[in-house]
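K.L.:
Number of protein chains: 2
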Amino acid sequence: MVKKSDATKARLLQAATQEFAMYGIAGARVDRISAAASANKNLIYVYFGNKEQLFDTVYQAAIEELLEAAPFDAEDLPGYAGALFDFYVAHPHLIRLARWHALERPGDEVLPVAYGATQDKLRKLSAAQSAGLVDAGMPAHALLTLILVLSAAWSDGSPEARATGDAELAALHRHSIVVSVGRLVRPPRGAGDSRG
Amino acid sequence: MVKKSDATKARLLQAATQEFAMYGIAGARVDRISAAASANKNLIYVYFGNKEQLFDTVYQAAIEELLEAAPFDAEDLPGYAGALFDFYVAHPHLIRLARWHALERPGDEVLPVAYGATQDKLRKLSAAQSAGLVDAGMPAHALLTLILVLSAAWSDGSPEARATGDAELAALHRHSIVVSVGRLVRPPRGAGDSRG
DNA sequence: GACGAGAATCTAACCGATCAGTTAGATTTG
DNA sequence: CAAATCTAACTGATCGGTTAGATTCTCGTC
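Listed in order, the protein sequences are those of chains F and V.
So for the first sequence, numbering that gives the first Met the number 0 puts the first residue at 0; every next one is plus one.
So for the second sequence, numbering that gives the first Met the number 0 puts the first residue at 0; every next one is plus one.
1. Do residue 121 (chain F) and residue 139 (chain F) have their CB atoms nearer than 8 Å?
2. May I have a chain-ordered list of the alpha helix (DSSP H) segments no shorter than 4 residues that lie completely inside the stretch 52-123 of chain V?
3. Leaving out five residues before and five after residue 175 (chain F) in sequence, what residues of the same chain have Cβ atoms less than 7 Å from its Cβ?
4. Residues in the same chain with beta-carbon distance under 7 Å from residue 180 (chain V), minus the five sequence neighbours each way, listed in chain order, please.
5. Looking at the structure shown, is residue 41 (chain V) part of a helix, part of a strand, or coil, going by DSSP?
6. Under a three-way DSSP split, which group does residue 21 (chain V) fall into?
7. So what's residue 134 (chain F) in DSSP terms, helix, strand or just coil?
8. So which of F:134, F:31 and F:83 has the shortest CA-CA distance to residue 187 (chain F)?
9. Between residue 113 (chain V) and residue 66 (chain V), what straight-line distance do the alpha-carbon atoms span, to the nearest angstrom?
10. Using a 10 Å radius around the Cβ and a threshold of 16 neighbouring Cβ atoms, would you call residue 128 (chain F) buried or exposed?
11. Residues of chain F with CB closer than 9 Å to the CB of residue 148 (chain V), please, in chain order.
12. Between which two residues does the alpha helix (DSSP H) carrying residue 182 (chain F) extend?
13. Listing by chain order, which chain V residues have their CB less than 8 Å from the CB of residue 95 (chain F)?
14. Taking 8 Å as the threshold (beta carbon to beta carbon), is residue 56 (chain V) in contact with chain F?
15. Find out if the Cβ-Cβ distance for the pair residue 27 (chain V), residue 50 (chain V) is shorter than 8 Å.
16. Out of V:137, V:87, V:72 and V:40, which one is the CA nearest neighbour of residue 172 (chain V)?
17. Quick one: Cα of residue 38 (chain F) to Cα of residue 32 (chain F), how far?
18. Report the rounded CA-to-CA distance for residue 96 (chain F) versus residue 118 (chain F), giving the unit in angstroms.
19. What's the call for residue 23 (chain V), buried or exposed, on a 16-neighbour Cβ count within 10 Å?
20. So, is residue 103 (chain V) buried or exposed, given that buried needs 16 or more other C-beta atoms within 10 angstroms?
21. Is residue 48 (chain F) helix, strand or coil by DSSP?
22. Which value, in whole angstroms, describes the spacing of the CA atoms of residue 98 (chain F) and residue 55 (chain F)?
23. Applying the criterion that 16 or more other CB atoms from any shown protein chain within 10 Å of the CB defines a buried residue, is residue 152 (chain V) buried or exposed?
24. So which residues of chain V does residue 172 (chain F) contact, with C-beta pairs closer than 8 Å?
25. Leaving out five residues on either side along the sequence, give the residues of the same chain with a beta carbon under 8 Å from the beta carbon of residue 143 (chain V).
26. Buried or exposed: residue 204 (chain F), going by 16 or more other Cβ atoms within 10 Å of its Cβ?
27. Measuring only between beta-carbons, confirm whether residue 22 (chain V) sits less than 8 Å from chain F.
28. Using the C-alpha atoms, what's the distance from residue 137 (chain V) back to residue 182 (chain F)?
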């Protein structure tokens, strides 16, 4: 059954995502969110508790969306990094949410869903290292962090991005990331896989 | 001559740096800053204008400190990345300031001092590429961004940092960064430099 | 070296605006 | 009718910024 309130909830969540991505938790305004959602302010408190919990809900949804967007492939890590890059370009607000969260909730433990996904990635990555498909010169968790960081290198707030909408520049950035990850993970001596 | 007000100004700046690093611009409280500096709130407005301008002053000082800390060396980029990592470990609040700035002042142009320093780095990097000391497979500006991003990979807010104060882990992170940058910048065929 | 005017420095109290959260009730739905 | 959904107005606290005035320092003049 389609409930009326579900649509309102969805509009509020959508508006809250924009607002939190733009201004962070401290900077977000509950009145702006309800106005943008064409909903009454009180509904936020009825449906989501308060501003902090609303952020939690928004953030959880964003993380889940991100996890689904780029399936982890330990045997093609450059491709995985490229997919992440594409996702960040397509959804710039999600990475902003993640950065706000890191800054405004320093002590927050990782969401269960994200934790599970990370453990899964680490397992696959270790296996690929053992199989000789990926360089084993550093532990899987370090390698994973570096790959993730490289993927997000140009996603907002980096030294010389600024010129948005430049497809040529974006292509260069993507290429740089893919090449970099390739160099990071390529095993020193041949072990089955080789790429053109 | 040593002016009394200079000491007050310095205390305010110190307190403001802590406050902004902790809470960002929107989250920072001028009353907390003045209290932490044991100074009257009004002095902030007398000396620095307002909260936004106080942040500008704090941020500018932080950038200058960061630029002085790790001298750029295009011929030893892994070492440069390592020095940056060390600085981030020693001064965790400065990188937080930079991240707050990126999020809360999206359209802000780069500070002149930072712009100048970046141009200088790019020139040196290009020269090193031309000389065959550094891989020329991607433009200098892209390479520089990737190096900077790698250096800051574990500086706050990354997936599995959390355990601060762990010297062994920090050493692993530093090593991972140095090795990664080494792989990034090493030219494909021998060109003078070779490393163990 | 005393002294006083004026500038520099500092203080405490205040103010208007804003904001998260509440309440009481209207309207719709089942 | 009763529960779910929604609305508008209100509230108490907080916060950035201001104001008026107290205190201290600077320096020329006698």
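The beta-carbon is built from N, C-alpha and C at its ideal position, and this holds for glycine as well.
Since the model is a prediction, treat every value here as computed from it, not as a measurement.
P.N.:
According to the data block:
1. Looking up residue 121 (chain F) in the first sequence gives position 122. Looking up residue 139 (chain F) in the first sequence gives position 140. Yes. Within cutoff.
2. 76-89 and 91-103
3. Numbered from its first residue, the first sequence carries residue 175 (chain F) at position 176. Hits under 7 Å: none found.
4. On the second sequence, position 181 is the one that residue 180 (chain V) refers to. Taken in chain order, the residues that qualify are 76, 77, 80, 146 and 149.
5. For the purposes of this step, residue 41 (chain V) is taken as residue 42 along the second sequence, with counting starting at 1. Residue 41 (chain V): helix per DSSP, three-state reduction.
6. As a first step, residue 21 (chain V) is located in the second sequence; it is residue number 22 there, counting from the start. Residue state, collapsed to three classes: helix.
7. For the purposes of this step, residue 134 (chain F) is identified with residue 135 of the first sequence, where counting begins at 1. DSSP places residue 134 (chain F) in coil when its eight states are reduced to three.
8. On the first sequence, position 188 is the one that residue 187 (chain F) refers to. Ranking F:134, F:31 and F:83 by Cα distance to residue 187 (chain F) puts F:134 first.
9. If you number the second sequence from 1, residue 113 (chain V) lands on position 114. If you number the second sequence from 1, residue 66 (chain V) lands on position 67. Answer to the nearest angstrom: the Cα atoms are 8 Å apart.
10. By 1-based counting over the first sequence, the position of residue 128 (chain F) is 129. Buried, by the Cβ-count rule.
11. Residue numbering aside, residue 148 (chain V) sits at position 149 when the second sequence is read from its first letter. Correct list: 148, 149, 151, 152, 153 and 157.
12. Position 183 of the first sequence, counted from the first residue, corresponds to residue 182 (chain F). From DSSP, the alpha helix (DSSP H) with residue 182 (chain F) extends over 166-184.
13. To locate residue 95 (chain F), count along the first sequence from 1; it is residue 96. Within 8 Å Cβ-Cβ: 102.
14. The sequence position of residue 56 (chain V) within the second sequence is 57, counting from 1. Answer no: the Cβ-Cβ gap between residue 56 (chain V) and chain F never drops below 8 Å.
15. Taking the second sequence and counting its residues from 1, the one referred to as residue 27 (chain V) is at position 28. Taking the second sequence and counting its residues from 1, the one referred to as residue 50 (chain V) is at position 51. Yes.
16. One-based indexing of the second sequence puts residue 172 (chain V) at position 173. Minimum Cα distance to residue 172 (chain V) is reached at V:87.
17. Looking up residue 38 (chain F) in the first sequence gives position 39. Looking up residue 32 (chain F) in the first sequence gives position 33. When rounded, the distance between both Cα atoms is 8 Å.
18. As a working mapping, residue 96 (chain F) is identified with position 97 in the first sequence. As a working mapping, residue 118 (chain F) is identified with position 119 in the first sequence. Taking the straight line joining both Cα atoms gives about 22 Å.
19. Walking along the second sequence from the start, residue 23 (chain V) turns up at place 24. Buried, by the Cβ-count rule.
20. In the second sequence, counting from the first residue as 1, residue 103 (chain V) sits at position 104. Residue 103 (chain V) comes out buried.
21. Within the first sequence, numbered from 1, the residue matching residue 48 (chain F) stands at position 49. DSSP places residue 48 (chain F) in coil when its eight states are reduced to three.
22. Residue 98 (chain F) sits at position 99 when you count from the first residue of the first sequence. Residue 55 (chain F) sits at position 56 when you count from the first residue of the first sequence. Their Cα atoms are separated by approximately 14 Å.
23. Stepping through the second sequence from its first residue, residue 152 (chain V) is reached at position 153. Classification for residue 152 (chain V): buried.
24. For this step, residue 172 (chain F) is matched to residue 173 along the first sequence. 141, listed in chain order.
25. Within the second sequence, residue 143 (chain V) is the residue found at index 144, counting from 1. Around residue 143 (chain V): 117, 120, 121 and 124.
26. Nothing about residue 204 (chain F) can be reported from this structure: the residues present for chain F run from 0 to 195 only.
27. Taking the second sequence and counting its residues from 1, the one referred to as residue 22 (chain V) is at position 23. By this cut-off, residue 22 (chain V) is an interface position.
28. Position 183 of the first sequence, counted from the start, is the residue given in the question as residue 182 (chain F). Position 138 of the second sequence, counted from the start, is the residue given in the question as residue 137 (chain V). Residue 182 (chain F) and residue 137 (chain V): Cα-Cα distance of roughly 13 Å.
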